[in-house]
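Protein chains in written order, with full-length UniProt numbering: chain A, 1 to 347; chain B, 1 to 347.
Even glycine gets a Cβ: it sits at the ideal position worked out from N, Cα and C.
From a predicted model like this one, the values you see are computed outputs, not experimental measurements.
Structure record follows, encoded as structure tokens.
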DNA sequence: ACTCAAATTTAAAACGTTTGCAATTTCGCA
DNA sequence: TGCGAAATTGCAAACGTTTTAAATTTGAGT
């Protein structure tokens, strides 16, 4: 017995009122007599009336949805980022009665085309964009379209203003350097990726800036670069760094996954962390707590960030502020056991 | 210069055709002259025409969305389940042109009320339901409503038929027992939760069945139970098991998170895994690979399951099959280093 | 050139809501 | 009792699409 969904017309008929009046009563308009409003509310509740989203969207032009185009992911990429992120978005949205649409790019389809579809089909009132690339056509499109959005991440050349929330990776990497420097480290390694993501530059620049700020010419920085998803190449680049004539005493990884590889390879090379080598990551993934001896890293509280992004986006949709909204979140250091004083002697 | 979204009326006018013809041409109806169809397709592509979702939904009664009510999660629960699951759903949906709606329950709001809202507002053509409870009002509601859905998980008493996909936890736990028994273990521990989730019973029953099947009266099973999110209680129950006069030589945990706690507490108690104690989990979370010595567990390939759930649901929405669709997925053992032969002597 | 069927196109209704404007009711006050 | 303003309610259009039923055009056969 599939209970039929009740419509406004039916509800109105049952109350012997016009559709208009019922609609207004439910919307709480003052012009409707209080008594009527109560009567309608009561009947609606009792009948389990829920307004039809499509009809409402059609006439109001607002869908009550926020869109997120799922980042394309490798076949066996397992991390908690997405879960954290959508949970946070959901939490931020629900308090304003909004919901989330997740659109996936099909094989061979660009994220941009999915984004266009979401925007132009009127499915969403705004979108959030993650993993900003150096040259990001999605942002260009959204700007040109004048469509409400918030980016999780920043462009490098901010020659155009837009709404973003970002983790202050530059600050974190500066903090990591300072901490390691104070522990006596002078020879540093940076493990990074070759993809043109802006967060990579921001973090690396933060590290470089901290080094420059210190003004110590004896500080040395080696860099190992490999494609994000090419584990073999990563290990190779890493081992070159680890087995060179002189190896760094402290390695900073662009993010935890890389740092975990560093710790594995260090162990394989017979190095003890942190006695022979300090390692610091970024993201605070779950495995970082379990990988011995416990990875020192930075926590960016994705879920909280996502919640704020939702708030920002809803503000933008509702108020269309003239000035762009921006938030820079400082990640917190999670000190565990993978960093320590620089070894006194070196082989 | 926010480019206006083009409408069917405008497109029709620019082609000097009626709305009807353009609509049919785009839908590929044979009755429209081939030449016209091509002309329309060309113009639509060039003008970047995208049909309005709300209007289409309103008239067709199909939204092209599948709904998922986000499970309510603790404040700092970090896992990859949700990310895997929505990624898989997205992948399964996109090939049929469907998208995913994520609805979140607000503080103090039940999952059921959110589900009702999603269903009755016509936002979605079908929904997927996860984490089935022993008595699950969501399933009862959906059935009574006759609304298309697929459950990830099973009810215990299948007195009513419905569509589900489940991981064969019973089989896995039986497999774990057999393997450990063959390694000489006779005294087992089971670490479980107190929440009324059906997967708990299925797995426990699978273990019990395997024990019974073996018919060896010397086999002994201790059970430690604690609330899912109460880490303190969990540790307490665990230590009672670990520090009793006789402790198990092998512990099977309901899922990895519990197994990881077991390994931590074992280490704290001075036990070496797997020499003194074998541990087996379920889920294959990322941390399981990193937690020394590497947790032996079962992989349920959430992402793949979610993809199949999406396929099932779309079939149900399109064809309304008379018989319910069901799939039981056998998880694969991921042997790592946390299990081994039973110790010969016992303290 | 004429007929009739086939091919192609179109007008108009419908989906369920919101909202501008107009109609109706109520009520205080003369 | 009658008047007018204020309070309350309702009519009808609009949102952008799909679809039914009907109208128009085309073309083959005579």
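Would you please verify whether the beta carbon of residue i is less than 8 Å from any beta carbon of chain A?
i                      : result
residue 7 of chain B   : no
residue 137 of chain B : no
residue 298 of chain B : no
residue 81 of chain B  : yes
residue 90 of chain B  : yes
residue 93 of chain B  : yes
residue 371 of chain B : Summary: the structure shown does not reach residue 371 of chain B, with chain B confined to residues 1 through 347, and so no result is reported for it.
residue 181 of chain B : no
residue 272 of chain B : no
residue 347 of chain B : With a pLDDT of 43 at residue 347 of chain B, under the threshold of 50, the modelled position of that residue is not reliable, and the figure given next carries that caveat. Chain A, which has no Cβ nearer than 8 Å to the Cβ of residue 347 of chain B, makes this no.
residue 308 of chain B : no
residue 134 of chain B : no
residue 223 of chain B : no
residue 78 of chain B  : yes
Starting from residue i, follow its DSSP beta bridges and name the residues at the other end.
i                      : result
residue 100 of chain A : A:66 and B:102
residue 279 of chain A : A:251
residue 299 of chain B : B:332
residue 149 of chain A : A:127
residue 190 of chain B : B:223 and B:252
residue 166 of chain B : B:328
residue 212 of chain B : For residue 212 of chain B, which the question treats as bridged, DSSP gives no partner whatsoever.
residue 197 of chain B : B:133
Report yes or no: is there a C-beta of chain B within less than 8 Å of the C-beta of residue i?
i                      : result
residue 235 of chain A : no
residue 111 of chain A : no
residue 10 of chain A  : no
residue 343 of chain A : no
residue 334 of chain A : no
residue 196 of chain A : no
residue 291 of chain A : yes
residue 123 of chain A : yes
residue 40 of chain A  : no
residue 260 of chain A : yes
Since residue i meets chain B, which of its residues come closer than 8 Å, beta carbon to beta carbon?
i                      : result
residue 117 of chain A : 50
residue 322 of chain A : Simply none; closest approach about 15 Å.
I want to verify the contact list: residues of chain B whose CB lies under 9 Å from the CB of residue i, in sequence order.
i                      : result
residue 63 of chain A  : 53 and 54
residue 43 of chain A  : The contacting residues do not exist; residue 43 of chain A stays about 16 Å from chain B at best.
residue 148 of chain A : What residue 148 of chain A touches in chain B: nothing, since even the nearest Cβ is about 11 Å away.
residue 191 of chain A : Residues of chain B passing the Cβ test: none, with the nearest at roughly 17 Å.
residue 331 of chain A : Under the 9 Å cutoff, chain B gives no residues; its nearest Cβ is about 15 Å from residue 331 of chain A.
residue 287 of chain A : 285, 286, 287, 288, 289, 290 and 291
residue 22 of chain A  : Here the premise fails: no neighbours, minimum Cβ distance about 17 Å.
Would residue i and residue j qualify as a contact pair, given that the criterion is a beta-carbon distance under 8 Å?
i                      : j                      : result
residue 145 of chain A : residue 186 of chain A : no
residue 47 of chain A  : residue 19 of chain A  : no
residue 83 of chain B  : residue 82 of chain A  : yes
residue 172 of chain A : residue 298 of chain A : yes
residue 274 of chain A : residue 339 of chain A : yes
residue 128 of chain B : residue 242 of chain B : no
residue 198 of chain A : residue 142 of chain A : no
residue 114 of chain A : residue 103 of chain A : yes
residue 249 of chain A : residue 237 of chain A : no
residue 259 of chain A : residue 286 of chain A : no
residue 174 of chain B : residue 151 of chain B : no
residue 169 of chain A : residue 307 of chain A : no
residue 342 of chain A : residue 232 of chain A : no
Which residues in chain B have a C-beta closer than 7 Å to the C-beta of residue i? List them in chain order.
i                      : result
residue 103 of chain A : 99
residue 265 of chain A : Per Cβ cutoff of 7 Å: no residues; residue 265 of chain A is ~14 Å from chain B at best.
residue 87 of chain A  : 70, 73 and 82
residue 246 of chain A : Per Cβ cutoff of 7 Å: no residues; residue 246 of chain A is ~29 Å from chain B at best.
Would you mind telling me which residues of chain A sit closer than 7 Å to residue i, beta carbon to beta carbon, in chain order?
i                     : result
residue 57 of chain B : 54
For my contact list, residue i and residue j are in at a C-beta cut-off of 8 Å; report their separation, rounded to the angstrom.
i                      : j                      : result
residue 223 of chain B : residue 277 of chain B : The Cβ separation is near 16 Å, so there is no contact.
residue 63 of chain A  : residue 123 of chain A : 6 Å
residue 149 of chain A : residue 163 of chain A : 7 Å
residue 211 of chain A : residue 255 of chain A : Actually they are not in contact, since the Cβ atoms of residue 211 of chain A and residue 255 of chain A sit about 20 Å apart, beyond 8 Å.
residue 95 of chain A  : residue 98 of chain B  : Going by Cβ atoms, the distance from residue 95 of chain A to residue 98 of chain B rounds to 27 Å, so no, they are not a contact pair.
residue 24 of chain B  : residue 31 of chain B  : 7 Å
residue 253 of chain A : residue 281 of chain A : 5 Å
residue 265 of chain A : residue 284 of chain A : In fact, because the Cβ distance is near 21 Å, the residues do not count as touching under 8 Å.
For residue i, go through chain A and note every residue whose CB falls closer than 9 Å to its CB, in chain order.
i                      : result
residue 108 of chain B : The premise fails here: residue 108 of chain B is roughly 11 Å from chain A at the closest Cβ pair, so nothing lies under 9 Å.
residue 128 of chain B : Those within 9 Å of residue 128 of chain B in chain A number zero; the least Cβ separation is about 13 Å.
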